[in-house]
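Undergrad:
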Amino acid sequence: MKNVKLRAEQLQVFYRDFKALHEVDMDVLTNRVTALIGPSGCGKSTFLRSINRLNELIEGTLTGGQIYLDEQPIYHRERDVVELRKQIGMVFQKPSVFPMSIYENVAYGPRIHGVKNRQQLSEVVEKSLKAANLWDEVRDRLNSPAARLSGGQQQRLVIARVLAVEPEVILMDEPASALDPISTSRLEELIGELKKQYTIVIVTHNMQQAARISDYTGFFLNGQLVEFSPTDELFVNPRDKRTEDYITGRFG
Amino acid sequence: MLTSSGHDRMIRCFLWFSGLSVAAILFIIVAYIAIKGLSVVSLDFIMEAPRRAGKEGGISTTIVSTIYLTLVSLCLAVPLGVGSAIYLEEYARRSSRFAGLVNLAAETLAGIPSIVFGLFGFVFFVIYLNLGWSIISGSLTMAIMILPTITRTSQEAILSVPIQYRENSLALGASKWQTVRRVVLPSAVPGIITGIILSIGRAVGETAALILTAGSALGMPGGLFDPARTMSVHLYVLAMEGISMERAYGTAFLIIVLIMVINYLANLSLSRMTNPGRRI
């Protein structure tokens, strides 16, 4: 019995007249890493951002079809989008730390969700930084500005900030694209650890990365999900000619 | 024929001269006023009330009036100005007709000469609302005058906050207002303060509109409904009615000092607030 965390059914996204996503069906399994690959503008980020309803921030966006989180529809009149985004965290391409201290960055989420007790906050901050493999590097300077951290540290801080909200799903939009190779490998290691507790959906333009870290891979092209299979199968035995062309580097 | 490097040198020379003249103009004005006015400036000049229409005594009441009027104006204009900026940049749809109207209004208000505001303030606040020549009439008029400056500079400050901050905050489950209050506004504070400093300069320097709305009584204002004479108005009256040029220069010198002190304090609070280690 497969444990489905997220299910997309006939998901379509329009930006005004432009159809960015064509009827996508996909099952994302619990505690697995699902990678989304494809050339720029293929719809993979649009798909990712529709999972936490972040596309709604762009004026003129229209979403059709449905996504279910634990069998509950997320595009629903009575769905509280704030609550939804608590359950589904997101890490962006460019690490964007807030102009505050390291501590305050991680405490941001718990604070806005009503945690006031200082002891409790400190515990969450420590736990989250440890889970993001950053604690040992910053434990002595929690009150210094987060902007002074290196790019790789900032990206792990952003992950700690997401973990502090205690989400169930973590979306990652090309999280390693701005990082150097060493920081990237640390991040990949971290993703491997995080999947024990979280369900991860990651957009990447790096096929080797998708092959290394993911359990399932979806290949997007021109707004369509061309192929979705276990990662081993997709890279070794692609069913679709277009997938084969892409992963062998014939375009894109 | 000039060689291109000769041409370059000429341009450079001209630009250097432009820079020099800006610095020189400020220096000459301040020096001139200081030479002419410093002879009357003393602690007594600052602390004593004017006597015989300002011919004798100090200017203490006008200093208090200036600060009083400026503070009340800011209290009225800053919430409205920052509020409308937040509405325009964070809440209104780009295509909204109402937002277009608010933008147009802010632009037009900024271009209206102060004497027109003075006339309106006189007719509406002083006479129609029967508030009389008073701090409150002057402040309401002043608030309308500085509102577009505060709105515009706040808008620019909010616009310059990276969109990623908003996305990250919303993705963490923050509401729109939490995002604005905890992430956007703190990052926009330096720009907002710049607008407030510009507004203070305008309020401290204003004369025409204030003579029409706050009057020119020399007494110490006791409350919002008392008339008041600000330093700039006092300077104008001293000079125009030939009461004392010396004291006019002394007042001018103190106006410059007051503006410098305000700028310094604003910058100080700015660096405190933007200290990245602060708690939110």
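Residue numbers (our numbering), protein chains in the order written: chain F, 2 to 253; chain Y, 103 to 382. By construction, the Cβ of each residue, glycine as well, lies at the ideal position given by its N, Cα and C atoms.
Does the CB of Gly379/Y have a neighbour CB from chain F at under 8 Å?
TA: Position 277 of the second sequence holds residue 379/Y. Low confidence applies to Gly379/Y: its pLDDT is 43, below 50, so where it sits in the model is not reliable enough to give any reading.
Undergrad: By the three-class DSSP mapping on this structure, what secondary structure does Tyr199/F have?
TA: Against the first sequence, residue 199/F aligns to sequence position 198. It is coil, neither helix nor strand.
Undergrad: Would you tell me roughly how many angstroms separate the C-alpha atoms of Gly183/Y and Val285/Y, rounded to the nearest one?
TA: What you label residue 183/Y is simply residue 81 of the second sequence in a count that begins at 1. What you label residue 285/Y is simply residue 183 of the second sequence in a count that begins at 1. The straight-line gap from Cα to Cα measures roughly 19 Å.
Undergrad: Report buried or exposed for Trp235/Y, applying the criterion of at least 16 other Cβ atoms within 10 angstroms of its Cβ.
TA: Position 133 of the second sequence holds residue 235/Y. With 16 or more other Cβ atoms within 10 Å, it is buried.
Undergrad: How long is the line joining the alpha carbons of Phe200/Y and Glu191/Y, rounded to whole angstroms?
TA: Residue numbering aside, residue 200/Y sits at position 98 when the second sequence is read from its first letter. Residue numbering aside, residue 191/Y sits at position 89 when the second sequence is read from its first letter. Straight-line Cα distance between these residues: approximately 13 Å.
Undergrad: Any idea if Ile127/Y is buried or exposed, counting beta-carbon neighbours within 10 angstroms, 16 or more meaning buried?
TA: Mapped onto the second sequence, residue 127/Y falls at position 25. Ile127/Y is exposed by the Cβ-count criterion.
Undergrad: Do you know offhand how far Lys87/F's Cα is from Leu261/Y's?
TA: Stepping through the first sequence from its first residue, residue 87/F is reached at position 86. Stepping through the second sequence from its first residue, residue 261/Y is reached at position 159. The straight-line gap from Cα to Cα measures roughly 26 Å.
Undergrad: If you follow the alpha helix (DSSP H) that Asp137/F is part of, which residue opens it and which one closes it?
TA: As a working mapping, residue 137/F is identified with position 136 in the first sequence. Residues 136-139.
Undergrad: With a threshold of 7 Å on Cβ separation, who are the neighbours of Tyr267/Y within its own chain once the five nearest residues in sequence on each side are excluded?
TA: Working through the second sequence from its first residue, we reach residue 267/Y at position 165. Answer for Tyr267/Y: Val285, Val286, Ser289, listed in chain order.
Undergrad: Between Glu245/F and chain Y, is any beta-carbon pair separated by less than 8 Å?
TA: Stepping through the first sequence from its first residue, residue 245/F is reached at position 244. No, because no Cβ of chain Y sits closer than 8 Å to the Cβ of Glu245/F.
Undergrad: Determine the chain Y residues that contact Phe15/F at a beta-carbon separation under 7 Å, and present them in chain order.
TA: Reading the first sequence from its first residue, position 14 is the one you call residue 15/F. Neighbours of Phe15/F on chain Y: none; closest Cβ ~17 Å, over 7 Å.
Undergrad: What in chain F is Cβ-close to Arg196/Y, meaning under 9 Å?
TA: As a position in the second sequence, residue 196/Y is number 94, starting the count at 1. Glu60, listed in chain order.
Undergrad: List the residues of chain Y that His77/F touches, going by C-beta distances under 9 Å, in chain order.
TA: What you label residue 77/F is simply residue 76 of the first sequence in a count that begins at 1. Those do not exist, as His77/F stays about 17 Å from chain Y at its closest Cβ, beyond 9 Å.
Undergrad: Can you say whether Glu60/F is buried or exposed, counting buried as having 16 or more other CB atoms within 10 angstroms of its CB?
TA: Translated into positions along the first sequence, residue 60/F becomes position 59. It is exposed - the Cβ of Glu60/F has fewer than 16 other Cβ atoms within 10 Å.
Undergrad: Within 8 Å of any Cβ in chain F, is that where the Cβ of Arg409/Y sits?
TA: Here chain Y has residues from 103 to 382 only, and residue 409/Y is not among them.
Undergrad: Looking only at its chain, what residues have a beta carbon closer than 6 Å to the beta carbon of Leu211/Y, apart from the 5 residues adjacent to it on each side?
TA: Along the second sequence, read from residue 1 onward, the residue named residue 211/Y stands at position 109. Excluding residues within five positions, the ones whose Cβ falls inside 6 Å are Pro250.
Undergrad: Determine the burial state of Lys197/F: buried for a count of at least 16 other Cβ atoms within 10 Å of its Cβ, exposed for fewer.
TA: Indexing the first sequence from 1 puts residue 197/F at position 196. By the neighbour-count rule (16 or more Cβ atoms within 10 Å), Lys197/F is not buried but exposed.
Undergrad: Ignore the nearest five residues each way along the sequence and tell me which others in Gly379/Y's own chain have a CB closer than 6 Å to its CB.
TA: Locating residue 379/Y in the second sequence gives position 277, counting from the first residue. Per-residue confidence for Gly379/Y stands at a pLDDT of 43, beneath the threshold of 50, marking its modelled position as unreliable; the derived number appears in the next sentence. If we look at Gly379/Y and ignore the five residues flanking it on each side, it has no Cβ neighbours.
Undergrad: In the DSSP assignment, find the beta strand (DSSP E) that holds Ala21/F and state where it starts and stops.
TA: Here residue 21/F is taken as the residue at index 20 of the first sequence, counted from 1. Segment 19-30, the beta strand (DSSP E) holding Ala21/F.
Undergrad: Could you compute how far the alpha carbon of Thr105/Y sits from the alpha carbon of Ile113/Y?
TA: The residue labelled residue 105/Y in the question sits at position 3 within the second sequence. The residue labelled residue 113/Y in the question sits at position 11 within the second sequence. The alpha-carbon atoms of Thr105/Y and Ile113/Y are separated by roughly 13 Å.
Undergrad: Note down, in chain order, every chain F residue with its Cβ under 8 Å from the Cβ of Asn369/Y.
TA: Residue 369/Y sits at position 267 when you count from the first residue of the second sequence. Here the premise fails: no neighbours, minimum Cβ distance about 18 Å.
Undergrad: Is the beta carbon of Met333/Y sitting closer than 8 Å to the one on Ile165/Y?
TA: Counting from one through the second sequence, the residue named residue 333/Y turns up at place 231. Counting from one through the second sequence, the residue named residue 165/Y turns up at place 63. Yes.
Undergrad: Tell me, please, whether the CB atom of Leu55/F is closer than 8 Å to any CB atom in chain Y?
TA: Taking the first residue of the first sequence as position 1, residue 55/F is located at position 54. Yes - at least one Cβ of chain Y is within 8 Å of the one on Leu55/F.
Undergrad: Using the three-state DSSP reduction, which class does Pro292/Y fall into: helix, strand or coil?
TA: Stepping through the second sequence from its first residue, residue 292/Y is reached at position 190. Helix.
Undergrad: Compute the beta-carbon to beta-carbon distance between Glu189/F and Ile214/F, rounded to the nearest angstrom, for a pair I have assumed lies under 8 Å.
TA: By one-based count along the first sequence, residue 189/F stands at place 188. By one-based count along the first sequence, residue 214/F stands at place 213. Sure, about 5 Å apart at Cβ, within 8 Å.
Undergrad: From Ile295/Y to Ile248/Y, what does the alpha carbon distance come to, in whole angstroms?
TA: By 1-based counting over the second sequence, the position of residue 295/Y is 193. By 1-based counting over the second sequence, the position of residue 248/Y is 146. Each residue's alpha carbon lies about 13 Å from the other.
Undergrad: DSSP three-state label for Gly213/Y, please.
TA: Walking along the second sequence from the start, residue 213/Y turns up at place 111. Helix, per DSSP.
Undergrad: Can you check whether the C-beta of Tyr199/F is within less than 8 Å of a C-beta belonging to chain B?
TA: Chain labels in this structure do not include chain B; the protein chains are F and Y.
Undergrad: Listed in chain order, which residues of the segment 95-123 of chain F have Cβ atoms closer than 7 Å to some Cβ of chain Y?
TA: So the close ones are Lys95, Ser97, Phe99, Pro100, Met101, Ser102, Glu105, Tyr109, Gly110, Ile113, His114.
Undergrad: Relative to the C-alpha of Leu356/Y, which residue among Val291/Y, Asp328/Y, Ser144/Y is closest?
TA: As a working note, residue 356/Y is residue 254 in the second sequence. The shortest C-alpha separation from Leu356/Y is found at Ser144/Y.
Undergrad: What distance in whole Å lies between the Cβ atoms of Val166/F and Gly110/F, which are believed to be in contact at a cut-off of 8 Å?
TA: On the first sequence, residue 110/F is found 109 positions in, with the first residue counted as 1. On the first sequence, residue 166/F is found 165 positions in, with the first residue counted as 1. About 4 Å; that satisfies the 8 Å criterion.
Undergrad: Name the chain F residues whose beta carbon is nearer than 8 Å to that of Arg374/Y?
TA: Here residue 374/Y refers to the residue found at position 272 of the second sequence. Result: empty, since nearest Cβ-Cβ is about 14 Å, beyond 8 Å.
Undergrad: Mind reading off the beta-carbon distance from Ser102/F to Ala132/F? Whole number of angstroms is fine, and I expect it under 8 Å.
TA: By 1-based counting over the first sequence, the position of residue 102/F is 101. By 1-based counting over the first sequence, the position of residue 132/F is 131. Wrong, their Cβ atoms sit about 19 Å apart, outside the cutoff.
Undergrad: Taking the alpha carbon of Ala276/Y as the reference point, which residue from Ser230/F, Glu84/F, Val107/F has its own alpha carbon closest?
TA: The count along the second sequence starts at 1 and reaches residue 276/Y at position 174. Ala276/Y has its Cα closest to that of Glu84/F, out of Ser230/F, Glu84/F, Val107/F.
Undergrad: State yes or no: is the beta carbon of Val218/Y nearer than 8 Å to at least one beta carbon in chain F?
TA: Translated into positions along the second sequence, residue 218/Y becomes position 116. By this cut-off, Val218/Y is not an interface position.
Undergrad: Looking at C-beta atoms only, is the number of pairs between the segment 216-223 of chain Y and the segment 144-154 of chain Y that lie closer than 8 Å three or more?
TA: Result no; under three Cβ-Cβ pairs closer than 8 Å.
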